[in-house]
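J.: In full-length UniProt numbering, the protein residues as written are 1 to 314. In this text, a Cβ means the ideal position worked out from N, Cα and C, and glycines have one as well. In this text, all values refer to a predicted model and were calculated from it rather than measured experimentally.
(1) Going straight from the alpha carbon of residue 46 to that of residue 57, what length do you get?
(2) Short of 6 Å in beta carbon distance, which residues of its chain neighbour residue 18, apart from the five on each side in sequence? Order them along the chain.
(3) For residue 239 and residue 194, what's the separation of their Cα atoms in angstroms?
(4) Could you check what DSSP says for residue 215 in three-state terms: helix, strand or coil?
(5) If contacts are defined as beta-carbon pairs under 8 Å, then residue 322 and residue 216 qualify, I think. What distance do you get, rounded to the angstrom?
(6) At the level of alpha carbons, what is the spacing between residue 158 and residue 164?
(7) Where do the ends of the alpha helix (DSSP H) carrying residue 123 lie?
(8) Since residue 121 and residue 237 are thought to touch, with beta carbons under 8 Å apart, how far apart are those beta carbons, to the nearest angstrom?
(9) Would you mind sorting residue 97 into buried or exposed? The rule is 16 or more other CB atoms within 10 Å of its CB.
(10) Note the first and the last residue of the continuous alpha helix (DSSP H) segment covering residue 65.
(11) What are the boundary residues of the alpha helix (DSSP H) that includes residue 181?
(12) If we ignore side chains and look at the alpha-carbon of each, how far apart do residue 110 and residue 23 end up?
(13) Is it the case that the Cβ atoms of residue 203 and residue 185 are separated by a distance below 8 Å?
(14) Return helix, strand or coil for residue 175, following the three-state DSSP convention.
(15) According to the Cβ coordinates, are residue 183 and residue 116 closer than 8 Å?
(16) Looking only at its chain, what residues have a beta carbon closer than 6 Å to the beta carbon of residue 172, apart from the 5 residues adjacent to it on each side?
(17) For residue 40, which of helix, strand or coil comes out of DSSP?
(18) Select from 170, 197, 135, 145 the residue whose C-alpha is nearest the C-alpha of residue 62.
(19) Measure how close the beta-carbons of residue 77 and residue 224 come, nearest whole angstrom, since I'm counting them as under 8 Å.
(20) Going straight from the alpha carbon of residue 73 to that of residue 219, what length do you get?
(21) By the DSSP assignment, the alpha helix (DSSP H) with residue 235 in it spans what residues?
(22) Judging by CA-CA distance, which residue of 174, 190, 139 is the nearest neighbour of residue 75?
(23) Comparing C-alpha positions only, which one of 231, 99, 14 sits nearest to residue 187?
(24) In whole angstroms, what is the alpha-carbon distance linking residue 179 and residue 68?
(25) Could you give the DSSP three-state label for residue 138: helix, strand or coil?
(26) Mind checking residue 133: buried by the 16 CB within 10 Å criterion, or exposed?
(27) With distances taken between CB atoms, is the gap from residue 177 to residue 92 smaller than 8 Å?
(28) Within a Cβ cutoff of 6 Å, which residues of the same chain sit near residue 94, ignoring the five residues on either side of it in sequence?
(29) Is the separation between the beta-carbon of residue 174 and that of residue 145 shorter than 8 Å?
(30) Quick one: using the 10 Å Cβ neighbour count with 16 as the cut-off for buried, is residue 170 buried or exposed?
(31) Have a look at residue 271 and residue 41 and give me their C-alpha separation to the nearest angstrom.
(32) Measure from the alpha carbon of residue 105 to the alpha carbon of each residue in 192, 205, 235, then state which is nearest.
(33) Run through DSSP, which three-state label would residue 103 get?
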């Protein structure tokens, strides 16, 4: 028994080391896109903090969702945040599952590059919309009489640049259309819908997305329009970036992608055989029978892979 456990532990360690080497090589080629996506998260936070300065509290607007859904109240506002945190953590763990499990159908680095590409596109649209028109926030801390509803004028540049993290993010006002929580939620679900392999998890994920939408409205964190706009905007952005970018070069032609490039240069520790596996449609790693899909491949339920045209790009 001890020998068996030791042998399995040794296999797991070798698997982790091999996967780490592969992901490091991918990260070396794509670090600019990872760093760029993370930097834009600060830019998005800075924009949301800036709109708080021009937010003016007022009467809550007439909203169909507020009439149909009972108000949860401040003491139960944590429910939607708890559900969102569960979905966020589950998605992060799933993206790193190739380091542990034998059944590996994604590259962690490429999944995050793709996710950040969608996220940045959605956040750019969000910044434009909430700066176009400022609505009185329906959240409790954004209503008339709350000390957090208005921000005092900044004393210096640092007051703006430091964005008062994390309080400035949690208690922001004015960045309403459209919901940032729904952007993340829908991108989590859409990414797993395409690259995940368990049908039951996909069904649960969509149920969570619907529940999250209702909880956000019931918690009075957003108007119904903020959630509705997020639903069709995020889906359209994903569809456009994923399917409607014919100018992106073909990976099989040996040219790096515009959004998610994979270098074809032979670097140290990245041999030609591994490059061939990354570019091949049906290649199988003999070590762990891992199907190496291309960046825009689609994973069907129960481990079947269906590959899209590489011209679709990232």
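T.: To lay it out plainly:
(1) Working through the chain shown from its first residue, we reach residue 46 at position 46. Working through the chain shown from its first residue, we reach residue 57 at position 57. Cα to Cα, the separation comes out at about 20 Å.
(2) Translated into positions along the chain shown, residue 18 becomes position 18. None.
(3) Residue numbering aside, residue 239 sits at position 239 when the chain shown is read from its first letter. Residue numbering aside, residue 194 sits at position 194 when the chain shown is read from its first letter. For residue 239 and residue 194, the distance between alpha carbons rounds to 12 Å.
(4) Position 215 of the chain shown, counted from the first residue, corresponds to residue 215. Residue state, collapsed to three classes: helix.
(5) Nothing about residue 322 can be reported from this structure: the residues present for the chain run from 1 to 314 only.
(6) For the purposes of this step, residue 158 is taken as residue 158 along the chain shown, with counting starting at 1. For the purposes of this step, residue 164 is taken as residue 164 along the chain shown, with counting starting at 1. If you take the alpha carbons of residue 158 and residue 164, they lie about 10 Å apart.
(7) Here residue 123 corresponds to residue number 123 of the chain shown, with the count starting at 1. Residues 108 to 132.
(8) In the chain shown, the residue the question calls residue 121 occupies position 121. In the chain shown, the residue the question calls residue 237 occupies position 237. The pair is a contact, with the Cβ atoms about 5 Å apart (cut-off 8 Å).
(9) Stepping through the chain shown from its first residue, residue 97 is reached at position 97. Exposed, because fewer than 16 other Cβ atoms sit within 10 Å of the Cβ of residue 97.
(10) In the chain shown, the residue the question calls residue 65 occupies position 65. Counting along the chain, the alpha helix (DSSP H) containing residue 65 begins and ends at 64 to 68.
(11) Counting from one through the chain shown, the residue named residue 181 turns up at place 181. That run of the alpha helix (DSSP H) goes 180 to 195.
(12) Mapped onto the chain shown, residue 110 falls at position 110. Mapped onto the chain shown, residue 23 falls at position 23. Roughly 9 Å separates the two Cα atoms.
(13) Residue numbering aside, residue 203 sits at position 203 when the chain shown is read from its first letter. Residue numbering aside, residue 185 sits at position 185 when the chain shown is read from its first letter. Cβ atoms of residue 203 and residue 185: not closer than 8 Å.
(14) Start at 1 with the first residue of the chain shown, and residue 175 comes out as number 175. Correct three-state label for residue 175: coil.
(15) Locating residue 183 in the chain shown gives position 183, where the first residue counts as 1. Locating residue 116 in the chain shown gives position 116, where the first residue counts as 1. In this structure, residue 116 does not lie closer than 8 Å to residue 183 by Cβ.
(16) Counted from its first residue, the chain shown places residue 172 at position 172. These residues qualify, in order along the chain: 48, 52.
(17) The residue given as residue 40 occupies position 40 in the chain shown. Helix at residue 40.
(18) What you label residue 62 is simply residue 62 of the chain shown in a count that begins at 1. If we check each option's Cα against that of residue 62, 135 comes out closest.
(19) Residue numbering aside, residue 77 sits at position 77 when the chain shown is read from its first letter. Residue numbering aside, residue 224 sits at position 224 when the chain shown is read from its first letter. Contact doesn't hold; Cβ gap of about 17 Å is too wide.
(20) Looking up residue 73 in the chain shown gives position 73. Looking up residue 219 in the chain shown gives position 219. For residue 73 and residue 219, the distance between alpha carbons rounds to 6 Å.
(21) For the purposes of this step, residue 235 is identified with residue 235 of the chain shown, where counting begins at 1. Looking at the DSSP string, the run of the alpha helix (DSSP H) that includes residue 235 is 224 to 243.
(22) By one-based count along the chain shown, residue 75 stands at place 75. If we check each option's Cα against that of residue 75, 139 comes out closest.
(23) Start at 1 with the first residue of the chain shown, and residue 187 comes out as number 187. It is 231 whose Cα lies nearest to the Cα of residue 187.
(24) Sequence index remark: in the chain shown, residue 179 carries index 179 (1-based). Sequence index remark: in the chain shown, residue 68 carries index 68 (1-based). Taking the straight line from one Cα to the other gives about 19 Å.
(25) Taking the first residue of the chain shown as position 1, residue 138 is located at position 138. Coil, per DSSP.
(26) The residue given as residue 133 occupies position 133 in the chain shown. Residue 133 comes out exposed.
(27) In the chain shown, counting from the first residue as 1, residue 177 sits at position 177. In the chain shown, counting from the first residue as 1, residue 92 sits at position 92. Cβ atoms of residue 177 and residue 92: not closer than 8 Å.
(28) Taking the first residue of the chain shown as 1, we reach residue 94 at position 94. Once the five neighbours on either side are set aside, residue 94 has no close Cβ partner at all.
(29) Residue numbering aside, residue 174 sits at position 174 when the chain shown is read from its first letter. Residue numbering aside, residue 145 sits at position 145 when the chain shown is read from its first letter. Not a contact, by the Cβ cut-off of 8 Å.
(30) Locating residue 170 in the chain shown gives position 170, where the first residue counts as 1. Result: exposed.
(31) If you number the chain shown from 1, residue 271 lands on position 271. If you number the chain shown from 1, residue 41 lands on position 41. In this predicted model, residue 271 has a pLDDT of only 48, less than 50, meaning its place in the structure is not dependable enough to derive any value.
(32) Numbered from 1 along the chain shown, position 105 holds the residue referred to as residue 105. The residue with the shortest Cα to Cα distance from residue 105 is 192.
(33) For this step, residue 103 is matched to residue 103 along the chain shown. Coil at residue 103, not helix or strand.
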